[in-house]
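As structure tokens, the structure follows; a few thoughts come after it.
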Amino acid sequence: MQDAIDTLEANPLLPEVARVQRKITESADTISLRLCRVDSRPLSYRPGQFNMLGLPGFKEAPFSFSSLGDYTGTFVHTIRAAGNVVSALCRLDRGDPVAFRGPFGAGWPLDKAAGKNLVLVAGGIGMAPLRPVVEHVRRNRDRFRDVFLLYGAKTTEDLLYRRQLAQWNEEITVLLAADQVRGELPLPVQEGVVTKLLPRVQVAMPETITFMCGPQVMMKFAAGALILNGQSSGDIYVSLERRMECGLALCGHCQIGAKFVCRDGPVFALADITRFQDTLL
Amino acid sequence: MDSSHSISADNLYHWVGSLVDRFRVLGPVPAKRGQNVFAQIGNSEQLALDYCTTMIGPRSFIYPSVQQLFTIDRETNAYTTTDSGPARTQLIFAIHPCDMHAITVLDRTFLGPNKDFYYAKRRRETHTVVLNCNKACDQGFCASMRTGPFLQLTEGFDVVMTALDGGYLLEAGSRRGQELIETAPGLKKTRRARLYEKSQLEERATASFTKSLKIEGLPELLLQTVEHPVYKEVADARCLGCSNCVMVCPTCFCYKVIDRTDFGPRMVERSRQWDACQDYGFAEVHSGNFRQPQQARLRQFLTHKLCTWVEQYGCFGCVGCGRCMTWCPTGIDITEMAKEIQRDPTRQLEPA
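Sequence order for the protein chains is A and B.
Take the first sequence: its letters are residues 3 to 283, numbered as in the numbering used here.
Take the second sequence: its letters are residues 4 to 355, numbered as in the numbering used here.
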């Protein structure tokens, strides 16, 4: 133990500063920030991982990487104005400094999905951690069989990355849903909740992996429907939202049973967490 | 074994006197209403070596309840840690085995793969001298948790003392401890009879407990009984959600982060403060609260200590010190709750 203490000099709680390179408006309440380290060193990360973003006076909060980036080592986070630190982040402009620590977490099990069908289920801001998966699939399309994106939001206008959805549809099947359909999109939008799209996914469940992220209620019902269709809960992966103050399995807030969402997740196979209490709302 | 020595009570007090000159010595001292607390001592006479337990263990000297992490300068974007650990090397004297075990439990959180900079500095600069307990305390059940009444550790501490007839036995747990013992006056080589006396005392102390908990199979059982009615019954009837249990628990590690801006407002100070899973907002996010009812929060405390901790760290999160029960305003007893689940694991909630 003494040796372990003596070799310590790094302080993983101390953040690094990045600057806003670009700010993109995604919807009425959601923006994306493309960030770049002050010294321009590239940051490497995997789909499903996250950063802790912070501002002086506003502490920190966790945000998934919402894009694979453009190979220049910058990184993108999509942020919906909800809560204190988040609203402050939304007010940032090009050139402004942001503190970050990361990347943290284990990310999506892309290797496990290789050679199989992949179903992505996203609700609202839950599309953000799944966009890097879509990008990864498009860059490595031959490694996957049938790939579906089922994406729902409150209204058509709340769907994120609207200009990219049609492009994605060239390589994967993009199915959209909204509680209220209004305005025009290049792709059809079904009225109702995202789980209504599930019957249109006609694939052999034992050969299929599902990744999902969205509101608790969406994940609960989508997982239930998939399991009824014969999918194993070990093949359904969810990205979970929890309060986090450290990202390092120290502060304790994100614990679900024996799991630290920040370290062991935020992506979990449903089978690994349903044995604990207080898992889904 | 040459790491074991005997010392008279007088010489032990002289030794403490010399330690006070070299270290910031933290020991058990009398407080109000018959309580004892760990506090810095100026001389050996302040010590209450026959103390039973303290309200709060010495956790705060290694993991302070409030800790400044760093300052932020808004103008230069400089994030600066000024923390350099304790001003003087600390020595916790006469810490009981439960509390010593608790520090090694905290080590598994803060000195694991993500080493905590602040904790590590304090842990390194803190010597520990354990005092074995010759009798059980009222609420303690350390014998059940294998963390007492005599120290069960082979490393992670510096010295362990045992009060024998007319003196003390000193045994080293580390090289640092060995060096500490060598500074004590009037050391005698330990005779075999003294070691026998120690084992007799341990046996007698272990037999003196009134409180116990059967831990074999308990983590597995608690994982299968998360819907047991005992959580709702106790939470509804008695739990105030006050967090006393967490504040006095020597293994609790959770914290929250606090930013404080000066009036400038150029400088911001970021600190952390002990937090409690019993607080309503502990597991709250924008879209909801994962442990909204009190029963969920009470269950989190109990199942974390006695069940999921084992999967996380390979040891229980409870050292059997009994403080959570002693300081619960309504006397909630986690051993009684666990026993109720053991008694009837499949009991259902009575229809209202």
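Beta carbons: idealized from backbone N, C-alpha and C, even for Gly.
CB contact check: residue i to chain A, cutoff 9 Å
i, result
"Thr209 of chain B", "no"
"Asn14 of chain B", "no"
"Phe73 of chain B", "yes"
"Val108 of chain B", "no"
"Ser226 of chain B", "According to the sequence displayed, residue 226 of chain B carries Leu and not Ser. With 9 Å as the cut-off, Leu226 of chain B counts as an interface residue toward chain A."
"Lys235 of chain B", "no"
"Phe256 of chain B", "yes"
"Pro348 of chain B", "no"
"Ser11 of chain B", "no"
"Lys35 of chain B", "no"
"Lys118 of chain B", "yes"
"Arg302 of chain B", "yes"
"Phe285 of chain B", "yes"
"Asn80 of chain B", "yes"
"Phe64 of chain B", "no"
"Gln351 of chain B", "no"
Beta-carbon proximity of residue i to residue j, cut-off 9 Å
i, j, result
"Gly56 of chain A", "Trp110 of chain A", "no"
"Pro131 of chain A", "Phe67 of chain A", "yes"
"Lys308 of chain B", "Gly325 of chain B", "no"
"Tyr171 of chain B", "Ile10 of chain B", "yes"
"Leu35 of chain A", "His138 of chain A", "no"
"Gly159 of chain B", "Met103 of chain B", "yes"
"Ile81 of chain A", "Phe65 of chain A", "yes"
"Arg27 of chain B", "Gln43 of chain B", "yes"
"Pro217 of chain A", "Leu242 of chain A", "no"
"Gln279 of chain A", "Val133 of chain B", "no"
"Ala63 of chain A", "Val88 of chain A", "yes"
"Leu152 of chain A", "Leu177 of chain A", "yes"
Chain B within 9 Å of residue i, Cβ atoms only
i, result
"Arg265 of chain A", "yes"
"Arg143 of chain A", "no"
"Cys253 of chain A", "yes"
"Gln169 of chain A", "no"
"Ala101 of chain A", "yes"
"Leu132 of chain A", "no"
"Gly322 of chain A", "Only positions 3 to 283 of chain A appear in this structure, which leaves residue 322 of chain A out of reach."
"Glu62 of chain A", "yes"
"Asn13 of chain A", "yes"
"Ala84 of chain A", "yes"
"Leu250 of chain A", "yes"
"Gln23 of chain A", "no"
"Val19 of chain A", "yes"
7 Å Cβ shell around residue i - same chain, five flanking residues per side excluded
i, result
"Pro17 of chain A", "Gly56, Ala101, Phe102 and Arg103"
"Pro188 of chain B", "Asn14, His17 and Trp18"
"Asp119 of chain B", "Phe113"
Residues sharing a beta bridge with residue i, DSSP
i, result
"Met164 of chain B", "B:Leu134 and B:Leu173"
"Phe319 of chain B", "Phe319 of chain B pairs with nothing; no bridge assigned."
"Cys38 of chain A", "A:Arg21"
"Pro64 of chain A", "A:Met54"
"Phe41 of chain B", "B:Pro31"
"Ile33 of chain A", "A:Thr27 and A:Ile81"
"Asp76 of chain B", "B:Ala81 and B:Met270"
"Phe106 of chain A", "A:Phe52"
"Trp277 of chain B", "B:Tyr258"
Inter-residue CB distance, residue i and residue j (contact presumed, cutoff 8 Å)
i, j, result
"Val163 of chain B", "Gly176 of chain B", "6 Å"
"Gly323 of chain B", "Gly180 of chain B", "Their Cβ separation, rounded to whole angstroms, is 24 Å, which puts Gly323 of chain B and Gly180 of chain B out of contact at 8 Å."
"Glu353 of chain B", "Val233 of chain B", "Rounded, the Cβ-Cβ distance is 12 Å, inconsistent with contact."
"Gly226 of chain A", "Ala273 of chain A", "The Cβ separation is near 14 Å, so there is no contact."
"Gly194 of chain A", "Glu159 of chain A", "With 8 Å as the limit, Gly194 of chain A and Glu159 of chain A do not qualify as a contact, their Cβ atoms being about 16 Å apart."
"Cys92 of chain A", "Ile26 of chain A", "Not really, about 12 Å apart at Cβ, beyond 8 Å."
"Gly85 of chain A", "Cys215 of chain A", "Contact doesn't hold; Cβ gap of about 18 Å is too wide."
"Phe270 of chain A", "Leu122 of chain A", "No, Phe270 of chain A and Leu122 of chain A are not in contact; Cβ-Cβ is about 16 Å, not under 8 Å."
"Val313 of chain B", "Pro222 of chain B", "5 Å"
"Leu52 of chain B", "Ala105 of chain B", "The pair is not a contact, with the Cβ atoms about 20 Å apart (cut-off 8 Å)."
Cut-off 6 Å between Cβ atoms - residues of its own chain near residue i, not counting five sequence neighbours on either side
i, result
"Arg265 of chain A", "Ala251"
"Ala155 of chain A", "Gly126, Leu161 and Ala180"
"Arg285 of chain A", "Examination of residue 285 of chain A is not possible in this model, given that chain A is present from 3 through 283 alone."
"Arg143 of chain A", "Glu173"
"Gly88 of chain B", "Lys124, Arg125 and Glu128"
"Ala279 of chain B", "Ser246 and Val249"
"Ser215 of chain B", "Phe144 and Ser147"
"Tyr54 of chain B", "Pro31 and Asn39"
Cutoff 8 Å; reference residue i; Cβ partners in own chain excluding five residues on either side
i, result
"Leu37 of chain A", "Ala20, Arg21, Val22, Gln23, Thr76, Phe77, Val78, His79, Val100 and Phe102"
"Asn231 of chain A", "Leu200 and Met207"
"Pro348 of chain B", "Leu224, Gln227, Thr228 and His231"
heavy atom of the ligand NAP below 8 Å from residue i C-beta
i, result
"Phe160 of chain B", "No copy of the ligand NAP appears in this structure; indeed no ligand is present at all."
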